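Engineer:
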Amino acid sequence: MTKYPLHSPTTDQLNDKPTLDLPVDPDFLSRPPQIDPQAMLHRIAENIAWRNSRPGEAERRAAEKIPVEFVL
């Protein structure tokens, strides 16, 4: 694992360095999800129905909506 400096770089130092040096752990092991994906999708579908039925939910979501659309 890479050791990090004791202080954060200044903005100028960050601007001078266009690439990121991310630490790489060669011993990293990816673990599979703890729950079946289909079970999670079923749980989400149930939760969405409950959330959408709460009073004021549509107004709250409209107030938090991002006013601009963009394509990644």
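So the sequence shown is numbered by my numbering: it starts at 760 and just counts up by one.
Even for Gly, the Cβ is constructed at its ideal location relative to N, Cα and C.
Quick caveat: nothing in here was measured; it's all calculated off a predicted structure.
(1) Under the assumption that Leu-818 contacts Arg-810 (Cβ atoms under 8 Å), give the Cβ distance between them as a whole number of angstroms.
(2) So, helix, strand or coil for Glu-828, using DSSP?
(3) At the level of alpha carbons, what is the spacing between Ala-822 and Ala-808?
(4) Quick check: what's the CA-CA separation for Thr-769 versus Asp-780?
(5) Out of curiosity, what's the CA-to-CA distance linking His-766 and Val-783?
Structural biologist: Well, looking at it:
(1) The displayed chain sequence assigns Glu, not Leu, to residue 818. About 13 Å separates the two Cβ atoms, so there is no contact after all.
(2) Coil at Glu-828, not helix or strand.
(3) 20 Å
(4) 16 Å
(5) 21 Å
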